[in-house]
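Presented below is the structure to which this report refers.
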Amino acid sequence: MPIQNKENLKEKEPYKAELLAPAASLEVCKVAVFAGADAIYMGGQKYSARAFAKSSLSEEDELLEAIHFCHLYKKKIYMTLNTLFKEGERKELFSYMDPYYEAGLDGVIIQDLGIGKMLAEAYPDLPLHASTQMTVHTKEAVGLIEKLGIERVVLSRECSLEDISDIAKASPLELEVFIHGSMCYSYSGACFMSSLLGGRSGNRGRCAGTCRLCYSSKGKKGNYLSMKDMFTLDLLKELLEAGAYSLKIEGRMKSALYTGTVVSIYRKYLDLALQGSSYKVSEEDIALLKEVYDRGGYSSYLEQHNGEDMIAFGEKPFRKEKEEVLSKLKQEMEERERKIPLKGSLHLSYDEVPYFSLEGENGLSVSVEGSQPVEKAKEKILSRGQIAKQMKKMGNTEFSLEELSILGEEDIFYPLSFLNQLRRDGVEKMREAILGQYRRNQRLRGN
């Protein structure tokens with residue numbers, strides 16, 4: 001994906017961008033996708049810069065299910081492997097990564113360059129992204145990253161719009177920038193405060209959040225190092241013009257309600273920015289963002305270098321929740337859930353096994369056959385309405401059967417249990433057909 005710079009764009013040519021959302025669990029992953037995220041980033045409890053995230057994605061099967069879910073909905077998913085590794089941990093790297101690679105993982109976010117080299121040699125077709133933990137904030141550093149074969153760099157939060165523009169002009173790499181959420185007092189990846197004060201290293205995913213603590217200065221106590229959260233709703237168009245491609249929301253330790261609310265609001269304004277439309281951020285949307293999390297206001301380095309107005313000081317990170325507002329947000333979150341539409345065709349002829357075909361988006365189609373022949377009804381006829389009702393029972397699958405044509409004789413008999421199995425077989429085959437487009441063969445690995 002070439003970086004877009006304002007001076008390189010044709011008049012009225014649409015921008016391209018990716019809205020990237022965090023996932024603390026499979027539930028949050030689904031909420032983010034339904035809220036409008038183009039891609040998800042997540043990690044297990046190993047080798048991730050959020051080792052204390054309460055994640056149900058820690059188990060291999062759930063992590064794989066998150067990959068499958070994103071691909072079913074045509075979204076990308078990136079895995080965080082962004083800690084510094086100990087020597088002994090390298091031995092289990094490939095056994096840990098193999099299942100995710102083979103499932104079609106879309107990219108890995110790394111900090112340790114040695115691990116990056118190992119991954120590049122073992123999985124040559126797996127994109128690598130340089131984590132913000134690598135503290136990349138200059139075009140010279142991005143130039144080095146480019147030589148290492150890394151495809152995307154997550155820039156430090158401290159980069160200004162001018163910095164992003166300069167880097168984009170100097171490099172073809174995809175640029176990923178944070179657009180909302182927590183900000184560290186120091187550069188990510190270069191802060192050792194947690195290690196020194198608490199014996200917990202941020203570069204091992206164990207940051208104790210020491211910059212959020214209360215300290216004394218000149219006899220007065222306050223949260224002097226606690227940064228306000230980043231907020232860029234009003235700067236999305238400027239970010240696109242500067243050359244940012246992936247717009248990243250922070251919060252892999254946040255709730256589904258937080259993630260769903262933030263993603264949906266940023267989706268609304270990003271769509272306007274992508275269309276080149278002028279917009280004004282509504283006070284109502286800002287209030288909703290503060291309702292799910294409020295550290296005492298917003299700030300960012302995009303337009304300012306420093307200043308005490310970027311510090312939250314004594315502000316509490318949460319406000320008293322308004323039940324009616326939270327109830328409304330939860331309802332909206334549930335209403336955003338959607339199924340993947342399918343078209344179906346069922347052929348029923350005497351003395352022949354039934355034939356059920358499904359067609360999905362982009363023309364992908366599958367077909368399955370029943371286990372026994374259809375019979376001519378002797379007494380009770382299985383009506384078209386009964387058949388349609390059974391075939392449209394998609395239950396808790398990701399699909400909905402929007403259209404169904406039933407062909408063949410009408411005065412037939414076929415056990416409902418067999419129809420149900422035919423439907424289940426068809427849906428499972430469609431699911432596997434979609435996921436099969438993303439799967440990799442292990443034998444493609446370099447070693």
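According to my numbering, the stretch in the sequence shown is residues 1 to 447, in order.
The beta carbon of each residue, even a glycine, is placed where N, CA and C say it ideally should be.
Worksheet item: Can you list, in chain order, the residues of its chain whose CB lies under 7 Å from that of Phe34, leaving out five sequence neighbours each side?
Response: Numbered from its first residue, the sequence shown carries residue 34 at position 34. Answer for Phe34: Arg336, Glu337 and Arg338, listed in chain order.
Fill in: Euclidean distance between Cα positions of Glu158 and Asp166
Here residue 158 refers to the residue found at position 158 of the sequence shown. Here residue 166 refers to the residue found at position 166 of the sequence shown. Distance between the alpha carbons of Glu158 and Asp166: 14 Å.
Item to complete: My understanding is that Phe85 touches Asp112, with C-beta atoms under 8 Å, so please give their C-beta distance in whole angstroms.
Response: Here residue 85 is taken as the residue at index 85 of the sequence shown, counted from 1. Here residue 112 is taken as the residue at index 112 of the sequence shown, counted from 1. Sure, about 5 Å apart at Cβ, within 8 Å.
Worksheet entry | Nearest candidate by alpha-carbon position, reference Pro341, set Arg431, Tyr123, Pro22 and Leu236 | Working through the sequence shown from its first residue, we reach residue 341 at position 341. Minimum Cα distance to Pro341 is reached at Arg431.
Fill in: DSSP bridge partner residues for Asp229 (one or two, in chain order)
Locating residue 229 in the sequence shown gives position 229, where the first residue counts as 1. Asp229 pairs with Tyr298.
Worksheet item: Just to check, is the beta-carbon of Ser300 closer than 6 Å to a non-hydrogen atom of the ligand GDP?
Response: Absent from the structure shown: the ligand GDP. Ligands present: none.
Worksheet item: In terms of alpha-carbon separation, which member of Lys389, Ile406 and Gly360 lies closest to Phe399?
Response: Along the sequence shown, one-based indexing puts residue 399 at 399. Answer by Cα proximity: Gly360.
Worksheet item: What's the call for Asn223, buried or exposed, on a 16-neighbour Cβ count within 10 Å?
Response: As a position in the sequence shown, residue 223 is number 223, starting the count at 1. With 16 or more other Cβ atoms within 10 Å, it is buried.
Item to complete: Classify Lys218 as helix, strand or coil using the three-state DSSP reduction.
Response: Numbered from 1 along the sequence shown, position 218 holds the residue referred to as residue 218. Here Lys218 sits in coil by DSSP.
Discussion item. Once the 5 residues before and after Glu27 are set aside, which same chain residues still bring their CB inside 6 Å of it?
Written reply: Mapped onto the sequence shown, residue 27 falls at position 27. Result list for Glu27: Ala256, in chain order.
Fill in: Sequence-distant residues of the same chain with beta carbon closer than 6 Å to Glu402, five excluded per side
As a first step, residue 402 must be located in the sequence shown, where it is residue number 402. Around Glu402: Pro341.
Practice prompt. Pick out whichever of Val154, Leu72, Glu62 and Thr138 has its Cα sitting closest to the Cα of Gly107.
Written response: Locating residue 107 in the sequence shown gives position 107, where the first residue counts as 1. Taking only the C-alpha atoms, the option nearest Gly107 is Val154.
Worksheet item: With DSSP run on the structure shown, which of helix, strand or coil describes Gly408?
Response: Numbered from its first residue, the sequence shown carries residue 408 at position 408. Of the three classes helix, strand and coil, the one that applies to Gly408 here is strand, per DSSP.
Practice prompt. Answer yes if the stretch 244 to 258 comes into contact with the stretch 174 to 182, meaning at least three C-beta pairs across the two stretches below 8 Å, and no otherwise.
Written response: yes
Worksheet item: In chain order, what residues of the same chain lie with their CB nearer than 8 Å to the CB of Ile311, ignoring the 5 residues before and after it?
Response: By one-based count along the sequence shown, residue 311 stands at place 311. Closer than 8 Å at Cβ, skipping near neighbours: Asn223, Tyr224, Leu225, Ser226, Met227 and Lys228.
Item to complete: Can you grab the Cα-Cα spacing for the pair Met394 / Leu422, in whole Å?
Response: Mapped onto the sequence shown, residue 394 falls at position 394. Mapped onto the sequence shown, residue 422 falls at position 422. The straight-line gap from Cα to Cα measures roughly 12 Å.
Worksheet entry | CA nearest to the CA of Asp411, picked from Leu382, Val427, Thr210 and Ile387 | Against the sequence shown, residue 411 aligns to sequence position 411. Per the Cα distances, Leu382.
Item to complete: Determine the direct distance from the alpha carbon of Ala168 to that of Lys16, and round the result to whole angstroms.
Response: Here residue 16 refers to the residue found at position 16 of the sequence shown. Here residue 168 refers to the residue found at position 168 of the sequence shown. Lys16 and Ala168: Cα-Cα distance of roughly 14 Å.
Item to complete: Output the residue ranges of the beta strand (DSSP E) runs that lie fully inside the stretch 340 to 368 and measure 3 residues or longer, sorted by chain position.
Response: 340 to 348 and 355 to 359
Worksheet item: Roughly how many angstroms lie between the CA atoms of Tyr258 and Glu283, to the nearest whole one?
Response: Reading the sequence shown from its first residue, position 258 is the one you call residue 258. Reading the sequence shown from its first residue, position 283 is the one you call residue 283. Using only the alpha carbons, I get a separation of about 18 Å.
Discussion item. Which of the three DSSP states is assigned to Val31 in this structure?
Written reply: One-based indexing of the sequence shown puts residue 31 at position 31. Three-state result, Val31: helix.
Practice prompt. Buried or exposed for His129, please, with buried defined as at least 16 other CB atoms from any protein chain shown within 10 angstroms of its CB.
Written response: For the purposes of this step, residue 129 is identified with residue 129 of the sequence shown, where counting begins at 1. Result: buried.
Worksheet item: Helix, strand or coil: how does DSSP classify Lys16 here?
Response: For the purposes of this step, residue 16 is identified with residue 16 of the sequence shown, where counting begins at 1. Lys16 falls in the coil class under three-state DSSP.
Practice prompt. Please classify Asp125: is it buried, with 16 or more other beta-carbons within 10 angstroms of its beta-carbon, or exposed?
Written response: Position 125 of the sequence shown, counted from the first residue, corresponds to residue 125. Answer is exposed; the Cβ neighbour count stays below 16.
Worksheet entry | Residue closest to Cys207, alpha-carbon to alpha-carbon, out of Tyr187, Glu409, Leu326 and Tyr101 | Here residue 207 corresponds to residue number 207 of the sequence shown, with the count starting at 1. Checking every option, the nearest Cα to that of Cys207 belongs to Tyr187.
Worksheet item: Is it buried or exposed for Arg152, if we count other Cβ within 10 angstroms and need 16 for buried?
Response: To locate residue 152, count along the sequence shown from 1; it is residue 152. Arg152 comes out buried.
Worksheet item: The beta strand (DSSP E) spanning Ser249 covers which residue range?
Response: Residue 249 sits at position 249 when you count from the first residue of the sequence shown. At residue 249 the sequence reads Ile, which differs from the Ser that was named. Residues Ser246 to Ile249.
Discussion item. Beta-carbon within less than 6 Å of Leu438's beta-carbon, same chain only, minus the 5 sequence neighbours each way: which residues are those?
Written reply: On the sequence shown, residue 438 is found 438 positions in, with the first residue counted as 1. Residue identity check: residue 438 is Tyr in the sequence provided, not Leu. These residues qualify, in order along the chain: His71 and Gly104.
Worksheet item: Among Asn362, Pro373, Ser367 and Met253, which one has its Cα closest to the Cα of Glu448?
Response: The displayed coordinates of the chain run from 1 to 447. Any statement about residue 448 would go beyond what the structure contains.
Worksheet item: So, helix, strand or coil for Leu155, using DSSP?
Response: Against the sequence shown, residue 155 aligns to sequence position 155. Reduced to three states, the DSSP call for Leu155 is coil.
Worksheet item: Just how far apart, CA to CA, sit Thr135 and Leu239?
Response: Position 135 of the sequence shown, counting from 1, holds the residue named residue 135. Position 239 of the sequence shown, counting from 1, holds the residue named residue 239. Spanning the two alpha carbons is a distance of roughly 19 Å.
Worksheet item: Hey, quick one: how far does the beta strand (DSSP E) through Leu288 stretch, first residue to last?
Response: The sequence position of residue 288 within the sequence shown is 288, counting from 1. Not the beta strand (DSSP E): Leu288 falls in the alpha helix (DSSP H), residues Glu283 to Val292.
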